[in-house]
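Respectively, the protein sequence lines represent chains A and B. Sequential numbering of the first sequence, starting at 39, is according to the numbering used here. Sequential numbering of the second sequence, starting at 39, is according to the numbering used here. Idealized CB from N, CA, C, for every residue including glycine. Here the structure is a predicted model, which is why all the values come from computation and not from measurement.
Number of protein chains: 2
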Amino acid sequence: MADSSTGPADGPMTPGADFLQLRIEEAPAGGRSDWLAERLRHAIADGRLPVGSRLPATRSLAADLGVSRGVVTEAYQRLIEEGRLAGRGRAGTVVVAAPPPARNPAPVRPVPAGAVFAAPPGGDVFDAVRAAPARIDLSPGVPDLAAFPRTALLRAERAVLADLPTAELGYGDPRGAPALRRAVADRLARTRGIRADPDEVIIVAGTAQALGLFAQVLRDDGIGAVAVEDPGSLGARQHLRHWGLRTPPVPVDSAGIRVDDLRSQGAPAVLVTPAHQFPTGVVLGGDRRRRLTDWAREGGLVLEDDYDAEHRYDRPPVPALRSMLPDRVCYAGSVSKLLAPALRVGWILAPAAYRDALVEAKRYADLGNALVPQLVLARLMESGAMDRHLRLVRRRHRIRRDAMIEAIGTHLPGATVHGAAAGLHLLITFADRFADIELAAEALARGVKVQPLSWHRVRPGRPGLVLGYAASRPTDIAEGVTALGEALRDLLRGRA
Amino acid sequence: MADSSTGPADGPMTPGADFLQLRIEEAPAGGRSDWLAERLRHAIADGRLPVGSRLPATRSLAADLGVSRGVVTEAYQRLIEEGRLAGRGRAGTVVVAAPPPARNPAPVRPVPAGAVFAAPPGGDVFDAVRAAPARIDLSPGVPDLAAFPRTALLRAERAVLADLPTAELGYGDPRGAPALRRAVADRLARTRGIRADPDEVIIVAGTAQALGLFAQVLRDDGIGAVAVEDPGSLGARQHLRHWGLRTPPVPVDSAGIRVDDLRSQGAPAVLVTPAHQFPTGVVLGGDRRRRLTDWAREGGLVLEDDYDAEHRYDRPPVPALRSMLPDRVCYAGSVSKLLAPALRVGWILAPAAYRDALVEAKRYADLGNALVPQLVLARLMESGAMDRHLRLVRRRHRIRRDAMIEAIGTHLPGATVHGAAAGLHLLITFADRFADIELAAEALARGVKVQPLSWHRVRPGRPGLVLGYAASRPTDIAEGVTALGEALRDLLRGRA
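Now the structure itself:
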């Protein structure tokens, strides 16, 4: 191991031999300490050695430069006397003071609380929401992150690193690690009714990348538009449009997407969320499912975003559309809702005609996902740890959902709740007419993050809020919904 | 933790409640065991439950379905009697036999040894090389993977998981984790002479993704061509072309890219490898560096692929071009040569005018790199573990390089060695005229993988081989070069 033989004095922040690009040939004979001291002053002054950074041990730096240790010791000593460095015994020599920098680094853009909802949502709207300060975050789209199985993950990582053949640390298959493709195929068969050969599975960096890859391949195939559900995910729409596709809207009602409207709309492809429509939470009904299947058999192409299908509480499982229609469905799933979005791992299945083009697209996107996290995930799936995790969070999610519904009944009595039988969020709509963006802004001013339904609409409709419950404690949910009730009353009072 | 409370009988392969999409409503009253047994037979027959897979514990499945445990026990018992399942005590119930599947899965394409070099290299050429069987792999581009710091990585991961705030497991900043952007900025200052604010750094999925992002942004800025070094990386050229850029070649000589030819070529941008040109290994000379800088100051844009600059043996460090020309250089670096390509992490710096567009491009590529590996890498950089690793592999690389040069002197006396003072590979060229692709094919037939220089050429030139030494043991290097000598003699004899 590279890191087991050196002692603490040679420890943190010891740079390699390229330290400061020092070239000892530039030093005048007999003036090497002066020269080194001056190079160090420079590096401290221009920020290459910021306050707190640790210098190499005198022994190592002397060896790297091919000078005697005394040359380095003297240079360090000089800067210690000048107050620029301090000796910290076995912890080494650190920078303690620097002149003010020549220019100030650009600060990370601060987001004023109101600004998030001041303009129509752009590409960075979710960054802005994330950056906005708030006490309680009821944004949809994340599972119970406090339950993230850190111990199981670390255990799997230890096992993976112990077993991994050295050669696999090189460049890999752009389609993903065979072990994960097998685990995903097994899992899709068991839990989503999909029969897929591991060879058909392509591992991707989450659903966002999946949509980009699908879009590139569809566009190359002459498809210029993918119809979207309305209401439907703002983020998904932004991604498809970034990649050059038009996204004509098709209305969603209580049975899911209206397939007759899709037909008359005329788009060659459609993006759907059949198991738990985002954001309304409706399940694509049996009759609609048949109609959509007919449309696809006649030549339509379906993109299926199976984003949170494994989270359900009061309803039977709904098999993926892909399970019935493998030749007409591009399928995408991910671990974002199963474990955590920060893992950035997902998988796609596509009709055979698109498969090679998708592998090409993935290759030129990034040469394939990182290996170790794929193997760790395969192990979590195969060991049963992922299923145990899902059982655990399902119980917790249900309690949180019930807490949210109860709080809505108390504090937002005029709201109608939709789609709460499954998933990680629910939708509330209001009979009153008002701008839900203003309600979301009011809520944020009270320290509560929510998404206005209108963000996810293309055509206007009833106001509403999309409320995530899975990632918040019941007490926070109750407090957040109470604040929403106050915000709504203030908003309506202000307009009266 | 999700995984600490359940016993072994509930262990590996216990599926979640969506097991086989079972819908108990479909079962006839009084015939639930029959129904369940039939569903299980089906799943075993069609491959959703392959041989070796473990069924849920009777207790869990009964709870999930809302039936008595006896219903499940009886169904399992029936299939045990049929020879489809077997009880394994506390280890659970597993599938032991299945009828032959309806269709055979498509096998992973086997690559015949000769096929790799039979046609001009396409987009999947490096996959084909990887898949070809060989005893000794002298392909360039990978460091000593056997030295990969597995222990340090695992230790860093444990620390990261212990400290990570729960909320960070959600969606993150597309630019990357602040901790890694800070660590990269510090490292670039220390080892590459680049002064960058962490806010300028964008974390990406390796240099391949960096090239794709640069290409997208340049194209949107009206740039249709990026000149490339000739010889220069085939892979880099493929990536730029995939993203819609032309790649006119500019000759490289012993001082690096010929800037006069670049000027007369007329492309608005150029991709260069100034610190250690790929594949020739030359350093961009002082005069050329000034000329290139002048060209850039007059409006040219430089893409700097700083792929292996920290590996050097017999020469002083060469600062990055970016350090002198921040407003005209798009810079890319990665951990592929520092640690391992399988990690898929890199970083870019760009002129301020391109920065927002690059963040957008990264957002729509994948919403940003996975978080935990970024934090682990930041810790490896900040703790000094990365530097210790580099010191270790530098010693090993030098020994391997020396072994290769010695073997070449003995077994390929007609070859000229280039670019061996730094990096992970060297180039040999030959005065004889022959097709180096045939030599590479001969070598592969003898179990040795090498890359022909002509793959990396646009315009014809002397034959040669690009030989990686960093990832092979000295004995393997000696054996591989011996085989190359035999292959060359056979090739030239066959032609005589």
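Counting other Cβ atoms within 10 Å of its Cβ, histidine 456 of chain B reaches 16 or more and is therefore classed as buried. Taking a beta-carbon distance threshold of 9 Å, phenylalanine 186 of chain B counts as an interface residue toward chain A. Along the region 409 to 454 of chain A, the alpha helix (DSSP H) occurs as fully enclosed runs of 4 or more residues at 409 to 421 and 423 to 449, listed in sequence order.
Counting only residues of its own chain and dropping the five nearest sequence neighbours on each side, leucine 377 of chain A has no CB closer than 6 Å to any other CB.
Here aspartate 325 of chain A is near alanine 293 of chain A, since their CB atoms are less than 9 Å apart. Contact of threonine 204 of chain B with chain A by beta-carbon distance below 8 Å involves Leu183, Ala184 and Phe186. When 8 Å is used as the limit between beta carbons, phenylalanine 57 of chain B is near these residues of chain A: Arg228 and Thr229, in chain order.
The way I'd put it, the region 356 to 371 of chain B doesn't touch the region 204 to 217 of chain B; fewer than three beta-carbon pairs between them come closer than 8 Å. Residue range 463 to 468 is occupied by the beta strand (DSSP E) that includes histidine 463 of chain B, with no alpha helix (DSSP H) assigned at that position.
Going by C-alpha positions, serine 510 of chain B is about 53 Å away from tyrosine 507 of chain A. Here alanine 248 of chain A has Val242, Ala370, Gly384 and Ile386 as same chain residues with Cβ atoms under 6 Å from its own Cβ, once five neighbours each way along the sequence are excluded. With contact defined as three or more Cβ pairs closer than 8 Å, the region 498 to 506 of chain A and the region 458 to 466 of chain A are in contact. With a threshold of 16 other beta carbon atoms within 10 Å, threonine 448 of chain A falls short and is exposed.
Closest option to leucine 341 of chain A, judged by alpha-carbon separation, among A:Leu482, A:Ala153 and A:Leu256: A:Leu256. If the five residues before and after leucine 405 of chain B are omitted, its C-beta is found closer than 7 Å to the C-beta atoms of Tyr209 and Pro212, all from its own chain and listed in chain order.
DSSP places tyrosine 114 of chain A outside any beta strand (DSSP E); the residue lies instead in the alpha helix (DSSP H), whose first and last residues are 107 to 119.
Considered as a whole, the region 213 to 277 of chain A harbours 216 to 230 and 244 to 258 as its complete alpha helix (DSSP H) runs of no fewer than 4 residues, in chain order. Within its own chain, the residues whose Cβ lies closer than 6 Å to the Cβ of alanine 521 of chain A, once the five positions on either side in sequence are excluded, are Arg484 and Val486, listed in chain order. Just so you know, the alpha carbons of valine 239 of chain B and valine 222 of chain B end up roughly 8 Å apart. Looking at the backbone, the Cα of leucine 428 of chain B and that of valine 320 of chain A are separated by about 55 Å.
Of the other Cβ atoms in all chains shown, 16 or more fall within 10 Å of the Cβ of threonine 467 of chain A; this residue is therefore buried.
Per the DSSP secondary-structure output, arginine 196 of chain A pairs with nothing in a beta bridge.
Around the beta carbon of serine 492 of chain A, a 10 Å sphere encloses 16 or more other beta carbons of the protein chains shown; the residue is thus reported as buried. Collapsing the DSSP output to three states places valine 488 of chain A in coil. For secondary structure counted as the beta strand (DSSP E) over 3 or more consecutive residues, the region 299 to 327 of chain B holds these complete runs in sequence order: 307 to 310. Listed along chain A, the residues sitting closer than 7 Å to glutamine 247 of chain B by beta-carbon distance are Ala403 and Asp404. If you check the CB distance, isoleucine 232 of chain B and serine 361 of chain B come in under 9 Å. Shown here, glutamate 336 of chain B sits in coil according to DSSP, grouped into three states, outside any helix or strand. The beta-carbon of phenylalanine 164 of chain B is placed less than 9 Å from the nearest beta-carbon of chain A. Against chain A, the CB of proline 312 of chain B has no partner CB under 9 Å away; the residue lies outside that interface. Here phenylalanine 155 of chain B is near glutamate 476 of chain B, since their CB atoms are less than 9 Å apart.
Neighbourhood of glutamate 195 of chain B in chain A, by CB distance below 8 Å: Leu192 and Glu195, in chain order.
DSSP places alanine 185 of chain B in no alpha helix (DSSP H); its state is neither H nor E.
One finds nothing in chain A with a Cβ atom closer than 9 Å to the Cβ of alanine 157 of chain B; even the nearest lies about 16 Å away.
Isoleucine 174 of chain B is bridged by DSSP to B:Val486.
Taking the Cβ atoms as the reference, tyrosine 351 of chain A lies roughly 20 Å from arginine 225 of chain A, outside the contact range of under 8 Å.
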